[in-house]
Amino acid sequence: MKKYVYCLLLSWLALPPLFAHQPEIQSPHIPDSSVVAQLMDTTVQLNRPGKLSVVARKTAVPVLLIGLGLTHMDDEGLFEGSRGLRRVVQREYKDYHTPVDDYLYNAPLALTVGLNIAGVKGKHHYAEQALLLGMTHLLNRTITNNLKTITAINRPDGSNNDAFPSAHTSKAFAYATFFHKEYGHRSIWYSIGGYSVATATGALRILNDKHWLSDVLAGAGIGILSAEVVYMVYPKLQQVVARSYLKRQNKMIVMPYYDGGAGGVALVWQLP
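Position one of the sequence shown corresponds to residue 8 (this note's numbering), numbered consecutively onward.
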């Protein structure tokens, strides 16, 4: 009988440690909704196919146009591009001439001024638009003029040797891209209008026997690239200028601003 009592007593003493090692029955844990959202977003990003960088997407078309221009430069090119097209133009439009292409490329600028006067707001205030346009024009002219000097390609009509690239076409596409950046978000027809004018300018340069196809293709690419580079650099340039000037004392900052429907030029003088 004592053995049974001892066994029963030992069994009761052993029960607490056994129960202590049993897993607790817990209520199901519902993760925080913000954590779930982050996990879902991460999963989507992992499963999403790789995207091209912003720089690659914005420079793909102009780089392609410049490349096509280079492959057609001062020779038969692909599919007899430059000289083959000139032979067709000379046969079909032998006596064609118009001075319209000397002015047509300025149409996006005239439209920008008109829209500002009419109160149609672009992406930037008109003071910033002027700055962006000036930067685009300067970069475009620098690239175009230097390439003309380096390449020294004869024009189709033999008038001189600064054919490559077409400055008229380059400016036309630079201004069209500027116009697209400022007003394309309002309506696609602004972009279509700007690029149609630029394309017409390039076509007229060929019809007037002033440029080869290679000159026009490269000019279009350089024009688009000039505006794209300026619009990519401008926000970073603003940040750099602001930080560098604010760190110094007794320095004046002059920057365009736009706030609450009013804009102008801000003059800031930081006192010591």
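Glycine residues also receive a C-beta, built at the ideal position from the N, C-alpha and C atoms.
Tell me the rounded alpha-carbon separation between residue i and residue j.
i, j, result
"V70", "L138", "25 Å"
"L146", "S233", "6 Å"
"Y133", "E189", "10 Å"
"I231", "A67", "10 Å"
"K243", "T143", "16 Å"
"G121", "I199", "17 Å"
"T78", "L154", "15 Å"
"Y103", "L214", "7 Å"
"K130", "R90", "42 Å"
"R250", "G74", "38 Å"
"S177", "N113", "12 Å"
"L92", "A63", "31 Å"
"T105", "S203", "18 Å"
My guess is that residue i and residue j are in contact by the Cβ rule of under 8 Å, so how many angstroms apart are they, rounded?
i, j, result
"D216", "D164", "5 Å"
"L118", "F180", "Incorrect: roughly 15 Å between the Cβ atoms, too far for contact."
What are the boundary residues of the alpha helix (DSSP H) that includes residue i?
i, result
"W196", "I195 to L214"
"G76", "V61 to T78"
"K188", "A174 to Y190"
"I150", "Y133 to T158"
"Y110", "D108 to L111"
"P115", "A114 to I124"
Short of 7 Å in beta carbon distance, which residues of its chain neighbour residue i, apart from the five on each side in sequence? Order them along the chain.
i, result
"T149", "none"
"G201", "P115, A183, F186 and H187"
"T208", "D108, L111, Y112, H175, T176 and A179"
"Y100", "L214"
"G191", "Y197 and S198"
Following a CB-centred definition, is residue i positioned closer than 7 Å to any heavy atom of the ligand SAM?
i, result
"T208", "As far as ligands go, the structure on display features none, and thus does not contain the ligand SAM."
Which same chain residues, not among the five before or five after residue i, have their C-beta less than 8 Å away from its C-beta?
i, result
"F171", "G76, M80, D81, L154, K155, T158, I160, W219, S221, D222 and A225"
"N152", "A174"
Who are the near neighbours of residue i in its chain, counting only those whose CB is closer than 6 Å to its CB and skipping five residues on each side?
i, result
"A5", "Because residue 5 is not part of the residues shown, which for the chain are 8 to 279, the question remains open."
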